[in-house]
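A.B. asks:
Number of protein chains: 4
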Amino acid sequence: MSNVDLAALDQSLTQAFEAASELYKQRGFQRRVGFGKKPAVVSVDLANAWTRPGNPFTCDQEKMDNEIIPGMQRLLEACRANGHPVIHVTTAYEITDRNAPFTDMGLWHNKIPVDVVDLADKELWAIDSRIAPADGEYTLLKKRASSFHGTELGGILRANGVDTILVTGVTACACVRQTICDGIADGFRTIAVKECIGDRVPGAVAWNLFDIDAKFGDVETVDTCVEYLNTVNKD
Amino acid sequence: MSNVDLAALDQSLTQAFEAASELYKQRGFQRRVGFGKKPAVVSVDLANAWTRPGNPFTCDQEKMDNEIIPGMQRLLEACRANGHPVIHVTTAYEITDRNAPFTDMGLWHNKIPVDVVDLADKELWAIDSRIAPADGEYTLLKKRASSFHGTELGGILRANGVDTILVTGVTACACVRQTICDGIADGFRTIAVKECIGDRVPGAVAWNLFDIDAKFGDVETVDTCVEYLNTVNKD
Amino acid sequence: MSNVDLAALDQSLTQAFEAASELYKQRGFQRRVGFGKKPAVVSVDLANAWTRPGNPFTCDQEKMDNEIIPGMQRLLEACRANGHPVIHVTTAYEITDRNAPFTDMGLWHNKIPVDVVDLADKELWAIDSRIAPADGEYTLLKKRASSFHGTELGGILRANGVDTILVTGVTACACVRQTICDGIADGFRTIAVKECIGDRVPGAVAWNLFDIDAKFGDVETVDTCVEYLNTVNKD
Amino acid sequence: MSNVDLAALDQSLTQAFEAASELYKQRGFQRRVGFGKKPAVVSVDLANAWTRPGNPFTCDQEKMDNEIIPGMQRLLEACRANGHPVIHVTTAYEITDRNAPFTDMGLWHNKIPVDVVDLADKELWAIDSRIAPADGEYTLLKKRASSFHGTELGGILRANGVDTILVTGVTACACVRQTICDGIADGFRTIAVKECIGDRVPGAVAWNLFDIDAKFGDVETVDTCVEYLNTVNKD
Chain L
3 MSNVDLAALD QSLTQAFEAA SELYKQRGFQ RRVGFGKKPA VVSVDLANAW
53 TRPGNPFTCD QEKMDNEIIP GMQRLLEACR ANGHPVIHVT TAYEITDRNA
103 PFTDMGLWHN KIPVDVVDLA DKELWAIDSR IAPADGEYTL LKKRASSFHG
153 TELGGILRAN GVDTILVTGV TACACVRQTI CDGIADGFRT IAVKECIGDR
203 VPGAVAWNLF DIDAKFGDVE TVDTCVEYLN TVNKD
Chain D
3 MSNVDLAALD QSLTQAFEAA SELYKQRGFQ RRVGFGKKPA VVSVDLANAW
53 TRPGNPFTCD QEKMDNEIIP GMQRLLEACR ANGHPVIHVT TAYEITDRNA
103 PFTDMGLWHN KIPVDVVDLA DKELWAIDSR IAPADGEYTL LKKRASSFHG
153 TELGGILRAN GVDTILVTGV TACACVRQTI CDGIADGFRT IAVKECIGDR
203 VPGAVAWNLF DIDAKFGDVE TVDTCVEYLN TVNKD
Chain Z
3 MSNVDLAALD QSLTQAFEAA SELYKQRGFQ RRVGFGKKPA VVSVDLANAW
53 TRPGNPFTCD QEKMDNEIIP GMQRLLEACR ANGHPVIHVT TAYEITDRNA
103 PFTDMGLWHN KIPVDVVDLA DKELWAIDSR IAPADGEYTL LKKRASSFHG
153 TELGGILRAN GVDTILVTGV TACACVRQTI CDGIADGFRT IAVKECIGDR
203 VPGAVAWNLF DIDAKFGDVE TVDTCVEYLN TVNKD
Chain F
3 MSNVDLAALD QSLTQAFEAA SELYKQRGFQ RRVGFGKKPA VVSVDLANAW
53 TRPGNPFTCD QEKMDNEIIP GMQRLLEACR ANGHPVIHVT TAYEITDRNA
103 PFTDMGLWHN KIPVDVVDLA DKELWAIDSR IAPADGEYTL LKKRASSFHG
153 TELGGILRAN GVDTILVTGV TACACVRQTI CDGIADGFRT IAVKECIGDR
203 VPGAVAWNLF DIDAKFGDVE TVDTCVEYLN TVNKD
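Protein chains in written order, with our numbering: chain L, 3 to 237; chain D, 3 to 237; chain Z, 3 to 237; chain F, 3 to 237.
(1) Give the straight-line distance between the Cα atoms of F31/D and F212/L, rounded to the nearest whole angstrom.
(2) According to DSSP, is C198/L helix, strand or coil?
(3) Taking the runs of the beta strand (DSSP E) that are 3 residues or longer, which of them lie wholly in the segment 44 to 98 of chain D?
(4) Using a C-beta cutoff of 9 Å, does N68/Z count as contacting chain F?
(5) Could you work out which residue in G85/D, A21/D, E20/D, S23/D is closest to V234/D when comparing CA atoms only?
(6) So what does DSSP say about A42/L, is it helix, strand or coil?
(7) Alpha carbons only, please: which of K217/D, K236/D, L231/D, A208/D is nearest the one belonging to A9/D?
(8) Would you kindly report the start and end of the unbroken beta strand (DSSP E) that includes I167/D?
(9) Would you mind working out which of V35/L, N101/L, C177/L sits nearest L48/L, comparing C-alpha positions?
(10) Going straight from the alpha carbon of K144/F to that of L159/F, what length do you get?
(11) Tell me whether the beta-carbon of A42/F lies closer than 9 Å to the beta-carbon of N210/F.
(12) Taking 9 Å as the CB-CB cut-off, is N162/D touching chain Z?
(13) Going by DSSP, what residues sit across from L143/L in a beta bridge?
(14) Quick check: the Cα distance between L126/F and T60/F, rounded to an integer number of angstroms?
(15) Give the residues from the segment 200 to 216 of chain F that approach chain Z closer than 8 Å (Cβ to any Cβ), ordered along the chain.
(16) With D117/Z as the anchor, note down where its alpha helix (DSSP H) starts and where it stops.
(17) Look up V178/L in the DSSP assignment and say whether it is helix, strand or coil.
(18) In terms of residue numbering, what span does the alpha helix (DSSP H) encompassing D1/Z cover?
(19) A147/D to T181/D, Cα distance in whole Å?
(20) Going by other Cβ atoms of all chains shown within 10 Å of its Cβ, with 16 needed for buried, is T223/Z buried or exposed?
(21) Would you call K196/F buried or exposed, if buried means 16 or more other Cβ atoms sit within 10 Å of its Cβ?
(22) Under 9 Å between the Cβ atoms of H90/Z and T153/Z?
(23) Please list, in chain order, the residues of the segment 20 to 38 of chain L that have any C-beta partner in chain D closer than 8 Å.
(24) Using beta-carbon positions only, say whether A187/D and H151/L come within less than 9 Å of one another.
(25) Spell out whether any CB of chain L is found under 9 Å from the CB atom of G157/Z.
(26) Assuming contact is defined by CB atoms lying nearer than 9 Å, are V164/F and K40/F in contact in what I supplied?
(27) Start and end of the alpha helix (DSSP H) containing V234/D?
(28) Do you know how far the Cα of F190/Z is from the Cα of N57/Z?
(29) Where does S238/Z land, buried or exposed, given buried means 16+ other C-beta within 10 angstroms?
(30) So R76/L packs on D220/L, CB below 8 Å; how close in whole Å?
(31) Counting only C-beta atoms, is C227/L closer than 9 Å to chain D at any point?
(32) If the criterion is Cβ atoms closer than 9 Å, does the pair K65/Z and C175/F meet it?
(33) Please return the same chain residues whose Cβ sits closer than 8 Å to the Cβ of L206/F, not counting the five positions on each side in sequence.
(34) Go ahead and pull the three-state DSSP assignment for D220/Z.
(35) Short check: CB of G157/D to CB of G108/Z, under 9 Å?
(36) Within 10 Å of its beta-carbon, does Q28/F have 16 or more other beta-carbons around it, so buried, or fewer, so exposed?
In structure tokens form, the structure reads like this:
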């Protein structure tokens, strides 16, 4: 990758976010949606093609290994100790030949290399073993960026009484952001778990979390989320 | 608004985009979805609350008056000359009391001031008179960020044979981006019309168009789009 | 209408339903979904074009005047006394010229005369004055049979914490049935209010309520529903 | 099953349909949606749990073996000879314990025995070997009655340019009917293939196809559909 002056980028973005926050606060944006009464964790695309090296979809490995996976392990522990549902979302396609007369990739292979995630190669789209689904945790296979679009997610969350989703995973600028935007649109309190959201290009996590917190969901730390998962609906 | 060093922000973002583009190209992102055979223009929230001064939703007025509206006028002219459909999208709510026991604002009023756009005050959500809908052009009333989510848009575009949508309007980081992401997810070739997309905070147009072009739709100029509208399906 | 031996039809259907119920019960169908904790009434197409004489959509007037409207009045009274939400659903179209190059009727005008319900003629699609919406009750404008398909309904019900919908209106074989089937699919406990569901052709109410009760929602009387609305969530 | 006088039922229904058709025709219902330019076959739940004996979902075996499967074989042959897409739809669930704290059955197990179709038992939900998917034909796993609701179907049909769906399978009163109603709502020309639609209780095929033909899709014979598949888009 070309040299990016990450310190200068960070400084510029921080300055831009401060100015925007000032305007947003005057105008009544950046309100808090808050935590509800029945949470679920929705973990997006933390499957090997995204979490491990060597794939076009591989994300920033340092953040993955040092923040996202350890943060997810803490969230999973809190969910499992308290009986909160976890939905592990992944992405794969039955027909990955870009010249096929019919394909479940839709038009998306014309923008990004979804053709590399073949359903027949389970290793690619299996959830990372460090955060492997436990018994009773649901694995959802999606075809688009959003975990809600063209899937059963909205219906099954509602049927199970969930009113709050804590969203984690990759990438900030695609599947995580779309899941969060659809989550609040569908009537769920949506929380973006700060340290557990990654990407693969500089700046993308920062600007997407900024947009999300301003308009679509609250960005909260793993600490806050774990505390919430451990205390909601007790007494 | 606090001082933002816009030149420094621009320079930092440009550098970040270059580095990201290098990685994206190596990995097979930033492909072209291309123009299809039957287009429609989907113009998002170019209604008075967004296009005129004095509302919490008011956008960057300089860009609105000098680029977005003139660009839209050129697109409308090309659509009307060639019989291409135009969908004017706007947003308003029947029940804007945030304490009401039931409201069509859903949970969104907990993040942004949607409570100011009351359906009873038509002036607020009427399409800007400079680009007023002509006879036969459809006005769609939405409740969420995406023009597709919880609306009839996908179904009527398909029923009318549309395969390509040229998306314009505000804001880049919310309703425009969501419309574009849902557009390609729903199987439409989605094009973001560069000069016709605005926002209200510094940097937001730049980073959202960058993410969009990398993963969800092609960012194209008004010139290119007008040329396409004037020539598609003519021998 | 041609002569129909209604007694013979009723007898044949009763016999068929009994045989089917026997098989269904052996196989584990016809279970009860039951009432939940937070109800709303969803009243489908009880607007003048359907409830009053003289329109292609006019339904069976005897049932309308003697059962559906009086039953709805009782349900409304119970909702209003207890603060339960009511959603009044109606249907109308912006572009009703069947030869228009673009229309919000989609393909449906190729099956049924939706072209007669023009949005510009408010009298047609206004809710019947005998059950007129009270302040705070939501009126939802739909384009398709289902009150959920391509509308904000699912999202706003969930955002408002509703888990149970009592469905009324017309017609049994189209908009009511579709609303009920989508309701349970979206995760809501769906109840068909027996006396408050009508149609315009002989047998249609009977066979559609039979299918619904077997597979999609519980058919319950107005009495049972009023009792539920008056007692739910009261210690 | 109790004795049903099938001849009397048939006679009563025929009489009712004639009276209804008279009213429908006067009122402008029962129009023709017609065949479009790019078809796909959508075959619903012709998987072993439905097509073979011994399961709660088993359908009328005589109709299955003598009409539905042979008809489907003719449709498949015509699709394969002409390169038309076929989507084989089936239904199964990851979490079939009705007492589990979270399940992808949603609320539907409270009406019908979906808990018997476990995703882990592939034999149950595999497409019947007599009409096994060929290479390039898509298998879609759904959770609800409709093949469109909460699935990728609408998006991928549109992305692949399909404008017409020929729907087959079981059952008439649930998954087939819901797929057809959603199909036209989503903007596809929907055709119900008469001989290829079954159920498991007397009368249900008849009254559901009647309702469908009146309002949602054209009921056409296998002969007509095969002729269409063999000739569409050939000069």
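All C-beta atoms, glycine included, are put in the ideal place defined by N, C-alpha and C.
C.D. replies: Working from what's here:
(1) 23 Å
(2) strand
(3) 88 to 93
(4) no
(5) G85/D
(6) strand
(7) A208/D
(8) 166 to 172
(9) C177/L
(10) 15 Å
(11) no
(12) yes
(13) T92/L
(14) 11 Å
(15) R202, V203, P204, G205, A206, W209, N210, D213, A216
(16) Careful: D117/Z lies outside any alpha helix (DSSP H) and carries neither H nor E.
(17) helix
(18) Because chain Z here runs from 3 to 237, residue 1/Z falls outside it and cannot be looked at.
(19) 7 Å
(20) exposed
(21) buried
(22) no
(23) E20, A21, A22, E24, L25, Y26, R29, G30, F31, Q32, R33, R34, V35, G36
(24) yes
(25) yes
(26) yes
(27) Per DSSP, V234/D belongs to no alpha helix (DSSP H) and is neither H nor E.
(28) 33 Å
(29) Residue 238/Z is absent from the model: chain Z starts at 3 and stops at 237.
(30) In fact, because the Cβ distance is near 18 Å, the residues do not count as touching under 8 Å.
(31) no
(32) no
(33) Position check: residue 206/F holds Ala in this sequence, whereas Leu was assumed. Cβ within range, chain order: T173, A174, C175.
(34) strand
(35) yes
(36) exposed
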